[in-house]
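**Student:** Numbering (the numbering used here), first residue to last: 5 to 456. Where a beta carbon is used, it is the ideal one built from N, C-alpha and C, also for glycine. Dumping the structure here so I can ask a few things about it.
And the structure:
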């Protein structure tokens, strides 16, 4: 049955590999179960309700990806988009979280329409292959940077970022950063020695080392920013979901200008569209799923799954649900079909029952996975031609790559890459290398920076 449904032999994989890959993807994404409720609760939403909504929306979206597209990509509440909803739309602009969820719902409906009309597919296909390779590299740097932050290895400073001081607060931040380094080395060694499931083993090994450190007193929870690494076994209060379910339709537009609301909807739309496209490009490239022209065969159902997940998530009570770049961890572990996504989807559903256990997985334990996967995606840089004959494609690719980690956004990287590609090739007399849709995208990105 699984062979018929997911075509495992055709994709040169097997059930064991796919399930291990799905578990790996989930483990690298599990932090969202702790982070998303924390962020959205700042907007006045109930944390437990957000947790349940996140689990269910992730299950729906990832299941759709598995069955509709047969791709090893997982979906959940997008980082950045959740912060935009809570801190910008609600806390800064003064909208209620119900109005913010309505904006997400409308965005999802628009995405469904765009997916049915092949607009999103056309955008995916019009991006030059050099930029698609650059997106993969840029995402590699981006998720490595996220991993370094999650580990506490990178901290803010007068120079924007710097290496953490290991001796200061050693029993909390210091030991976590040190364990992340040890976990990265363990994961790297296992990967080099071709140990199957090396990334998953690295996560578990780092977590176990953390638990040991807690038991012997090297790690001391302070119940503020650093919690116990030993999971509890309490069950979740499912009745809390009623506090957010369907609330996107229970809104009042009093003191909400229609123009400002439209701006909010299109802000969600732009970021989600290009974050999703960027993630699909990068992870698909890593999985060697792009054809010689840089196209993804199953792009339409993949985009539709993403749109359905966003719409369902808004109704349930969470911010934009989108394809996760951490899917690259499962791909690197051998995932090639929807069985990987199905495994991840089931784990999201199960996590509702044992959420405290999954939330106990610390971010420093998943950081090594993100750092190593970042390296694996960065390796695509060798596929970008950077000689004198290809400078008009190499420079935009470079700008795309460097913008993602520095601006902390996949979509900003794509925007800079597209704008630079069109302007440089246009002025340098290579108009034939620019598709009509690339002109449209460049203009839209420029207008976005002016008006949004």
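Which value, in whole angstroms, describes the spacing of the CA atoms of residue 385 and residue 157?
**Tutor:** Working through the chain shown from its first residue, we reach residue 385 at position 381. Working through the chain shown from its first residue, we reach residue 157 at position 153. Roughly 25 Å separates the two Cα atoms.
**Student:** Quick check on the DSSP output: what are the complete beta strand (DSSP E) runs of length 3 or more inside the stretch 269-337, in order along the chain?
**Tutor:** Taking 3 residues as the shortest admissible run, the stretch 269-337 contains the following complete beta strand (DSSP E) segments, listed from N- to C-terminal end: 325-327.
**Student:** Near residue 268, which residues of its chain fall below 6 Å by C-beta distance, leaving aside the five closest residues on each side in sequence?
**Tutor:** Residue mapping note: residue 268 aligns to position 264 of the chain shown, counting from 1. Result list for residue 268: 93, 107, in chain order.
**Student:** Assuming contact is defined by CB atoms lying nearer than 9 Å, are residue 146 and residue 339 in contact in what I supplied?
**Tutor:** Within the chain shown, residue 146 is the residue found at index 142, counting from 1. Within the chain shown, residue 339 is the residue found at index 335, counting from 1. Contact: no.
**Student:** Just grab the DSSP bridge partners of residue 166 for me.
**Tutor:** Within the chain shown, numbered from 1, the residue matching residue 166 stands at position 162. In the DSSP output, where bridge partners are listed per residue, residue 166 has 159.
**Student:** State the CB to CB distance for the pair residue 78 and residue 358, rounded to an integer number of angstroms; the pair is presumed to be in contact (CB under 8 Å).
**Tutor:** Along the chain shown, one-based indexing puts residue 78 at 74. Along the chain shown, one-based indexing puts residue 358 at 354. With a Cβ gap of about 18 Å, residue 78 and residue 358 do not count as contacting.
**Student:** I need the DSSP call for residue 79, collapsed to helix, strand or coil.
**Tutor:** Counting from 1 along the chain shown, the entry for residue 79 is found at position 75. Look at residue 79 here: in three-state DSSP terms it is strand.
**Student:** Would you call residue 124 buried or exposed, if buried means 16 or more other Cβ atoms sit within 10 Å of its Cβ?
**Tutor:** As a first step, residue 124 is located in the chain shown; it is residue number 120 there, counting from the start. Residue 124 should be labelled buried.
**Student:** In three-state terms, what does DSSP make of residue 497?
**Tutor:** The chain is shown from 5 up to 456; residue 497 falls before or after that span and cannot be answered.
**Student:** What would DSSP say about residue 130, mapped onto helix, strand or coil?
**Tutor:** For the purposes of this step, residue 130 is taken as the residue at position 126 of the chain shown. Of the three classes helix, strand and coil, the one that applies to residue 130 here is helix, per DSSP.
**Student:** Using CA coordinates, which residue listed in 250, 105, 380, 405 is at the minimum distance from residue 337?
**Tutor:** For the purposes of this step, residue 337 is taken as residue 333 along the chain shown, with counting starting at 1. Selected option, being the one with the closest Cα: 380.
**Student:** Relative to the C-alpha of residue 59, which residue among 335, 115, 360, 275 is closest?
**Tutor:** Counted from its first residue, the chain shown places residue 59 at position 55. Cα-wise, what sits closest to residue 59 is 360.
**Student:** Going along the chain, which residues of its own chain have a beta-carbon closer than 8 Å to the beta-carbon of residue 236, five neighbours each way excluded?
**Tutor:** As a working note, residue 236 is residue 232 in the chain shown. Correct list, in chain order: 360, 361, 364.
**Student:** Does the Cβ of residue 202 have 16 or more other Cβ atoms within 10 Å, making it buried, or fewer, making it exposed?
**Tutor:** Here the question's residue 202 lines up with position 198 in the chain shown. Result: buried.
**Student:** Nearest-angstrom Cα distance between residue 245 and residue 394?
**Tutor:** Stepping through the chain shown from its first residue, residue 245 is reached at position 241. Stepping through the chain shown from its first residue, residue 394 is reached at position 390. C-alpha separation (whole angstroms): 54 Å.
**Student:** Using only the alpha-carbon positions, how far apart do residue 318 and residue 109 sit?
**Tutor:** On the chain shown, residue 318 is found 314 positions in, with the first residue counted as 1. On the chain shown, residue 109 is found 105 positions in, with the first residue counted as 1. Approximately 5 Å between the Cα atoms of the pair.
**Student:** Taking C-beta to C-beta, are residue 372 and residue 193 nearer than 9 Å?
**Tutor:** One-based indexing of the chain shown puts residue 372 at position 368. One-based indexing of the chain shown puts residue 193 at position 189. No, the pair does not count as a contact, with Cβ atoms beyond the cut-off.
**Student:** Out of 85, 8, 97, point me to the one whose CA is closest to residue 261's CA.
**Tutor:** One-based indexing of the chain shown puts residue 261 at position 257. Nearest of 85, 8, 97 to residue 261, Cα basis: 97.
**Student:** On the premise that residue 70 lies in contact with residue 342, defined as a C-beta separation below 8 Å, what is that separation, rounded to the nearest angstrom?
**Tutor:** Residue 342 sits at position 338 when you count from the first residue of the chain shown. Residue 70 sits at position 66 when you count from the first residue of the chain shown. Right, their Cβ atoms sit about 4 Å apart.
**Student:** Look at the alpha carbon of residue 297 and the alpha carbon of residue 442, and state the distance between them as a whole number of angstroms.
**Tutor:** Taking the first residue of the chain shown as 1, we reach residue 297 at position 293. Taking the first residue of the chain shown as 1, we reach residue 442 at position 438. For residue 297 and residue 442, the distance between alpha carbons rounds to 16 Å.
**Student:** Just to confirm before moving on: does the CB-CB distance between residue 278 and residue 418 stay below 9 Å?
**Tutor:** Locating residue 278 in the chain shown gives position 274, where the first residue counts as 1. Locating residue 418 in the chain shown gives position 414, where the first residue counts as 1. It is a contact, given that the beta carbons lie within the stated cut-off.
**Student:** So the alpha helix (DSSP H) residue 74 belongs to, where does it begin and stop?
**Tutor:** By 1-based counting over the chain shown, the position of residue 74 is 70. Here residue 74 belongs to no alpha helix (DSSP H), and DSSP marks it neither H nor E.
**Student:** Measuring CA to CA, which of 76, 120, 170, 36 is closest to residue 325?
**Tutor:** Taking the chain shown and counting its residues from 1, one reaches residue 325 at position 321. Ranking the options by Cα distance to residue 325, first place goes to 36.
**Student:** Answer with buried or exposed for residue 416, where buried requires no fewer than 16 other C-beta atoms within 10 angstroms of its C-beta.
**Tutor:** As a working mapping, residue 416 is identified with position 412 in the chain shown. So residue 416 ends up on the buried side.
**Student:** Quick check: the stretch 22-33 against the stretch 275-293, are there 3 or more CB pairs under 8 Å?
**Tutor:** no
**Student:** Thinking C-alpha only, which one of 50, 432, 402, 427 is nearest residue 444?
**Tutor:** Locating residue 444 in the chain shown gives position 440, where the first residue counts as 1. Out of 50, 432, 402, 427, 427 has the C-alpha closest to the C-alpha of residue 444.
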